[in-house]
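Visitor: Here it is, the structure in full.
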Amino acid sequence: MDRKELEAQVLELVATSYNKDVDDLSVETKFKEDLGGASVLMVGLISEIENELDVTIQLQVAAACETIGDLCDKIEEEM
Amino acid sequence: MSVLDGIFAKAKENPQKVGFPEGTNEKMMQAAYEATTEGYIKAVLVGDAAELKALAAERGYDVDVFEYVDINDEAYKAELIAKYTALPDTKLKEKALNRRMADKLQFAMVMQAVGDTEVTFAGIDYSTGDVILAGMSIIGLNPNVDVISSIGLCEIPNWEGSEGNLLAIGDSAVCQNPNPQELASIAISACETMQSLLGWTPRCAMICYSTDGSGIGELVDKVKAALAIAQERRPDLDIDGEFQLDAAIKPDVAAKKVKRESKVAGQANILIWPDLNVGNTGVKLIQTFGHANAYGPMLQGFNKVVCDCSRGAPVSEIKGNIVISAVRAAGLK
Numbered sequence: 020m021d022r023k024e025l026e027a028q029v030l031e032l033v034a035t036s037y038n039k040d041v042d043d044l045s046v047e048t049k050f051k052e053d054l055g056g057a058s059v060l061m062v063g064l065i066s067e068i069e070n071e072l073d074v075t076i077q078l079q080v081a082a083a084c085e086t087i088g089d090l091c092d093k094i095e096e097e098m
Numbered sequence: 166m167s168v169l170d171g172i173f174a175k176a177k178e179n180p181q182k183v184g185f186p187e188g189t190n191e192k193m194m195q196a197a198y199e200a201t202t203e204g205y206i207k208a209v210l211v212g213d214a215a216e217l218k219a220l221a222a223e224r225g226y227d228v229d230v231f232e233y234v235d236i237n238d239e240a241y242k243a244e245l246i247a248k249y250t251a252l253p254d255t256k257l258k259e260k261a262l263n264r265r266m267a268d269k270l271q272f273a274m275v276m277q278a279v280g281d282t283e284v285t286f287a288g289i290d291y292s293t294g295d296v297i298l299a300g301m302s303i304i305g306l307n308p309n310v311d312v313i314s315s316i317g318l319c320e321i322p323n324w325e326g327s328e329g330n331l332l333a334i335g336d337s338a339v340c341q342n343p344n345p346q347e348l349a350s351i352a353i354s355a356c357e358t359m360q361s362l363l364g365w366t367p368r369c370a371m372i373c374y375s376t377d378g379s380g381i382g383e384l385v386d387k388v389k390a391a392l393a394i395a396q397e398r399r400p401d402l403d404i405d406g407e408f409q410l411d412a413a414i415k416p417d418v419a420a421k422k423v424k425r426e427s428k429v430a431g432q433a434n435i436l437i438w439p440d441l442n443v444g445n446t447g448v449k450l451i452q453t454f455g456h457a458n459a460y461g462p463m464l465q466g467f468n469k470v471v472c473d474c475s476r477g478a479p480v481s482e483i484k485g486n487i488v489i490s491a492v493r494a495a496g497l498k
């Protein structure tokens, strides 16, 4: 999977987990400022990433990501 | 009879199945053994069954007191995965769940989620963070709340409140600076916890430095906003405020400061702190100057009872927390 495909898939997963329209999201979207940052939603997102991308990301690692792009970096490191 | 004696007696009436993913820990095994042989719970040790059995024998216990579940029993694991993934609103699918179940804590929580145990008890080797994270992803949050929090039960000598010398207080341990939604969640969870544990009719006060608008500013606004959310989400519960501590628990002060009908003012049995600075200081004041016994913190906000204990806790305290969690689970049925 190349970076563009990964980003597209992660954006879809974020949209599902945070109940947002995927067209309103980008790799620049910030979890805390733009999405509200509730930890329960992040837990859901991590589960979706595990299910769909077969990658385990620790919550502390995901919670430290400022943007969706940062999260993609962490996922890429684990793939 | 102390409050703990009453809770222990209640546990004996209906012993619950408690899953222990840290049975290899000597203190945890001893607490589980004592709680089982004294009739409060039925202990299920989760891990490497042969190792757990050998350890129990080596430590001089009757090995038949425990039920053992082996996390490498593939048939049972497959059965659990099938049941779990069939549950509504679970997020993890088969492959991800299978990977997570290599971990004893998460295996035990899957057992609880499908109803094979009523409680998961951990926290002596795993951190509180591990327990909360596993609980959030495997057991899930109660749909009425936004956050995991905690409640403690204080037994205060020479205090005579609306529940005798007992007072529930929260959150003194988990949520640092809850926003209004989260503060409302703490109040709702606290009411449910005390209903299930002691059968109380909750009278829950949102604590503030202001009573009914006597102060103004963002600290008051936060508590007022939380109160409005809690009352909207659970109109069936008596949650009221914003109240100063004395207006919440002293009828004479409430009569002067709260000039309206309130089932809570002066009669509160549950106090909800506005943040963890207040909560942590509050519980230490009660313990230091009020010479209170403080039980807990009990985690709350999960779909089922998940219990954590301090890593430095002695066996007697672990046993007390196991029994409290079992009574809460029985009370939720």
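Protein chains in written order, with my numbering: chain A, 20 to 98; chain B, 166 to 498. A virtual CB, placed ideally from N, CA and C, is assigned to each residue, including glycine.
#1: CA-CA distance, A/D15 and A/E67?
#2: Only counting the same chain, and skipping five residues up and downstream in sequence, which positions put a Cβ closer than 8 Å to that of B/N263?
#3: Look up A/T35 in the DSSP assignment and say whether it is helix, strand or coil.
#4: Chain A partners of B/S315, CB-CB under 8 Å?
#5: Interface residues of chain B around A/D73 at Cβ under 9 Å?
#6: Could you tell me which chain A residues have their CB closer than 8 Å to the CB of B/M301, listed as they occur along the chain?
#7: Would you say B/V209 and B/K182 are within 8 Å of each other, going by their C-beta atoms?
#8: What are the start and end residues of each continuous beta strand (DSSP E) run of 3 or more residues lying completely inside the region 346-412 of chain B, in chain order?
#9: Cβ atoms of B/I372 and B/L410: under 8 Å apart, would you say?
#10: Tell me whether B/D473 sits in a helix, a strand or coil according to DSSP, three-state version.
#11: Mind checking if B/L270 is an interface residue toward chain A, Cβ cutoff 8 Å exclusive?
#12: Rounded to whole angstroms, how far is the Cβ of B/P186 from the Cβ of B/A287, which I believe are closer than 8 Å?
#13: So does B/G329 have its beta carbon nearer than 7 Å to some heavy atom of the ligand NAP?
#14: Buried or exposed: B/G171, going by 16 or more other Cβ atoms within 10 Å of its Cβ?
#15: Please report whether the beta-carbon of B/D417 lies at a distance below 8 Å from any beta-carbon of chain A.
#16: Quick check on B/A240: does DSSP put it in helix, strand or coil?
#17: Who does B/D235 pair with in a DSSP beta bridge?
#18: Just list the alpha helix (DSSP H) runs in the region 45-91 of chain A, keeping only unbroken ones of 4 residues or longer that don't cross its boundaries, in chain order.
#19: Between B/I414 and the rest of its own chain, which residues show a CB-CB distance below 6 Å, the 5 nearest in sequence each way excluded?
#20: Which residues mark the beginning and the end of the beta strand (DSSP E) in which B/L252 is found?
#21: Take B/E280 as the anchor and find which of B/D268, B/L298, B/L436, B/I304 has the nearest alpha-carbon.
#22: Checking contacts by CB at 8 Å: is A/E67 closer than that to chain B?
#23: Closest Cβ-Cβ distance between B/K387 and chain A: below 8 Å?
#24: Counting only the same chain and skipping the five closest in sequence on each side, list residues whose C-beta sits under 7 Å from that of B/A338.
#25: Does any CB atom of chain A fall closer than 8 Å to the CB of B/L245?
#26: Count the other CB atoms within 10 Å of the CB of A/N38; is the residue buried (16 or more) or exposed (fewer)?
#27: Which residues bound the alpha helix (DSSP H) around B/K260?
#28: Quick check on B/G406: buried or exposed, where buried means 16 or more other Cβ atoms within 10 Å of its Cβ?
#29: State the DSSP-derived secondary structure class of B/K269, mapped to helix, strand or coil.
#30: Give me the Cα-Cα distance between B/G225 and B/I451, rounded to the nearest whole angstrom.
#31: Evaluate contact between the region 335-349 of chain B and the region 78-95 of chain A, counting only Cβ atoms and requiring at least three cross-stretch pairs below 8 Å.
#32: Pairs of beta-carbons, one from the region 220-237 of chain B and one from the region 193-210 of chain B, closer than 8 Å: are there three or more?
#33: Are the C-beta atoms of A/L135 and some chain B residue less than 8 Å apart?
#34: From B/L441 to B/E347, what distance separates their C-alpha atoms?
#35: Can you give me the start and stop residues for the alpha helix (DSSP H) that B/V418 sits inside?
#36: Put B/T453 into one of helix, strand or coil per three-state DSSP.
Guide: Straight from the coordinates:
#1: Lying outside 20 to 98, the shown extent of chain A, residue 15 of chain A is not represented and no answer is given.
#2: K242, I246
#3: helix
#4: Those within 8 Å of B/S315 in chain A number zero; the least Cβ separation is about 15 Å.
#5: K260, A261, R264
#6: S58, V59, V62
#7: yes
#8: 368-372, 403-408
#9: yes
#10: strand
#11: no
#12: 5 Å
#13: Absence of the ligand NAP is noted for the structure shown, with no ligands found whatsoever.
#14: exposed
#15: no
#16: helix
#17: B/G212
#18: 50-54, 58-72, 78-82
#19: G326, A433
#20: Neither: B/L252 is in no beta strand (DSSP E) and is coded neither H nor E.
#21: Note that residue 280 of chain B is Gly in the sequence shown here, rather than Glu. Cα-wise, what sits closest to B/G280 is B/I304.
#22: yes
#23: no
#24: S315, P462
#25: no
#26: exposed
#27: 259-265
#28: buried
#29: helix
#30: 40 Å
#31: no
#32: yes
#33: Here chain A has residues from 20 to 98 only, and residue 135 of chain A is not among them.
#34: 12 Å
#35: 416-422
#36: helix
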